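Written below as structure tokens is the structure these notes are about.
Next comes the structure, spelled out in structure tokens:
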């Protein structure tokens, strides 16, 4: 039991068996979250630190609650309120946290590869909570948990993802994880936001929103950052919502029992009309709960490995 | 001072002894007249190598490299002549900085140093620098390396004005609006989420410079070619008689962008490492003469500038001490080119492009030479390098062609300790 690696850097590093172990463990953890007494002792006597160089509501809070539900001492550092603001390097910051007896560092950073650059230099386990445009593995795991609760298998399932694919670490982690379990991923977004060579990651590049969501078992919208309009990636919000949003009509093209996901935060009326966000097929709010469950599972399995060594 | 190097093979000759007298290659003399007799142990004596694209960092960035350490590294790599790029602090854009570099180089005495001046003041791409006065002070070329001249009109003026003084123009070709990424744009950059810099960025500026050189009938030299499109366009331009010359670096024919997969910043440089098809095109360009020379783009950085997040890391790697061995191992040992062709690429051609007059081994020529062991494999060890930089991707590589001794003007500038 436990993960093979000291760290969780990305879906790239996980085997299909490890992904399934995390998802199965998360299902159990979800029972803890829904119980009256949200307390386990799995992380008792352990310390977990979140180190965030970017803003976050749900990822950071869900990691913090996950570690507290399991009894760990936890602390948070953000770039703006720490010595990072004085220019301390990432490596020095990581070593400092490591030397305080920290077991797990949960890190978000605007640059791809940042957690990789410290992981093999410190004793603590590093969990990637989003690095630049590279990966956001616990987001993919919570998305997959949400699917797993509805599918008996990922094999042959069609997953449609629409939006700003270029800048999305959520797409990359989902594409890698879902491909490892045999699902088919289609992506679509403005060509200006479609990275060269994405098809080499095993995804199909669709030709329209309709083509992307057709016969999908699950549909995922992606947040588009409105400031990207300034760099000529799309001309206006009005045009984006007309040609690239997942509208009720588009959602009808998916399979009848398909469900709608979004990693949040959502720009209502841009990538999703509010009516779609709130529709019966939407599981967006449940994803949030699953985020806590999956993060409990990840912390539990990383600690199991540390305890076994 | 009289020196004899015996028990050697002399490159491109059937001689097995080299005589040096008063800094020059000389006629034979008796061994008992020699002040020193060097036993070359059967190794090969080559003309001293020439690198027309290095960064010595002085003045201003002495924490990365000094002229003394950079030229010591050059000597260890078999080089007796190097040309240093102007992106120092202050920028080498005036005669005073040129003279300062030459003075420091003479004091160090490790290698001939030929400064390259900035084409525009402070490399700001607005006003021409004092090219004529810098030429009088000793520059052999102009370049805004790393900050390519973005404006075609300004590039035209640089090419025209330089031609009045017979100053070669070397351009680092990257259209910055397409080329701000930290690695090559492609499936690897997409998979690891690093912003990419496209081959189109390099190709577009190469095409612009070729068009200007043809239109104005002036020479242009294309720095560190890394793309298939660049090689193809230069080949076509040469066939039409355009006065273009080109260089590449060992990393472009030994490495690909797949090396960046683990975010190791020692694989980060500009232009970035490309895909396998581009690597093969560069080799083809070396084979058929499209690319005229191998340079290092030796770019020492401090550990603190490389031991950071990939996108934050400085561009560039050191190269002076690995260039010959990599080129010999990967181009000559593999049978892709002959040893004679390699010395064209690393000595005669670069010397001729910048009119340095180096490479001669006839009686009366300056005794610039290097002795290489072509037979025994060695392990390239970054901790043995003489450069201050440790930013090499080649640490631990098994190579052939280790420098045994280098001599500039009859003076030993490097000798391998047994």
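Residue numbers (my numbering), protein chains in the order written: chain R, 373 to 681; chain Y, 167 to 584. Beta carbons are placed, not taken as given, at the ideal position from N, Cα and C, and that holds for glycine. Note that the structure is predicted; figures quoted are calculated from it, not measured.
query: Three-state class that DSSP yields for residue 552 of chain R in the structure shown; result: helix
query: Beta carbon proximity, residue 195 of chain Y to chain R, threshold 8 Å; result: no
query: Spatial distance of residue 558 of chain R from residue 539 of chain R (CA atoms); result: 16 Å
query: Length of the line joining the Cα atoms of residue 303 of chain Y and residue 548 of chain R; result: 59 Å
query: For residue 505 of chain R, three-class secondary structure by DSSP; result: coil
query: Validate contact between the region 391 to 399 of chain Y and the region 593 to 603 of chain R using beta carbons, cut 8 Å, 3 pairs; result: no
query: Neighbourhood of residue 264 of chain Y by C-beta distance below 7 Å, restricted to the same chain and skipping five residues each side; result: 258, 281, 283, 300, 303, 304 and 305
query: C-beta atoms of residue 577 of chain R and residue 592 of chain R nearer than 8 Å; result: no
query: Length at least 4, wholly inside the region 511 to 590 of chain R: the alpha helix (DSSP H) runs in chain order; result: 541 to 552 and 581 to 585
query: Near-chain R residues of the region 466 to 482 of chain Y (beta-carbon distance less than 9 Å), N- to C-terminal order; result: 470, 473, 474, 475, 476, 477 and 478
query: Pairwise C-alpha distance: residue 667 of chain R and residue 383 of chain R; result: 14 Å
query: Short CB-CB distance (under 8 Å) between residue 572 of chain R and chain Y; result: yes
query: Collapsed DSSP secondary structure at residue 473 of chain Y in the structure displayed; result: coil
query: Residues from the region 489 to 506 of chain R in contact with chain A, defined by Cβ distance under 9 Å; result: The structure shown contains no chain A; its protein chains are R and Y.
query: Test: residue 246 of chain Y CB closer than 8 Å to a CB of chain R; result: no
query: Continuous beta strand (DSSP E) assignments of at least 3 residues falling wholly in the region 505 to 555 of chain Y; result: 535 to 545
query: Cβ neighbour criterion (16 or more within 10 Å) applied to residue 681 of chain R; result: exposed
query: Selection from Y:190, Y:202 and Y:500 that minimises the alpha carbon distance to residue 172 of chain Y; result: Y:202
query: Cβ contact check for the region 312 to 321 of chain Y and the region 339 to 349 of chain Y: 3 or more pairs under 8 Å; result: yes
query: Straight-line gap, residue 568 of chain R to residue 364 of chain Y (C-alpha atoms, nearest Å); result: 10 Å
query: Residues that DSSP places opposite residue 686 of chain R in a beta bridge; result: Here chain R has residues from 373 to 681 only, and residue 686 of chain R is not among them.
query: Which of helix, strand or coil DSSP assigns to residue 471 of chain R; result: coil
query: Residue from R:412, R:396, R:450 and R:430 whose Cα sits closest to the Cα of residue 422 of chain R; result: R:450
query: C-beta neighbour in chain Y for residue 544 of chain R, strict 8 Å; result: yes
query: Proximity test, Cβ basis, 8 Å: residue 290 of chain Y and chain R; result: no
query: Three-state secondary structure assigned by DSSP to residue 339 of chain Y; result: coil
query: contact_flag[the region 511 to 530 of chain R, the region 456 to 466 of chain Y] where n(CB pairs < 8 Å) is 3 or more; result: no
query: Delimiting residues of the alpha helix (DSSP H) encompassing residue 397 of chain Y; result: 394 to 406
query: Residue 569 of chain Y and residue 242 of chain Y closer than 8 Å at C-beta; result: yes
query: Residues that residue 358 of chain Y contacts on chain R, provided the C-beta gap is smaller than 8 Å; result: 484, 485 and 506
query: Contact check, residue 470 of chain R vs residue 494 of chain R, beta carbons under 8 Å; result: yes
query: Residue 236 of chain Y: first and last residue of the uninterrupted alpha helix (DSSP H) it sits in; result: 233 to 242
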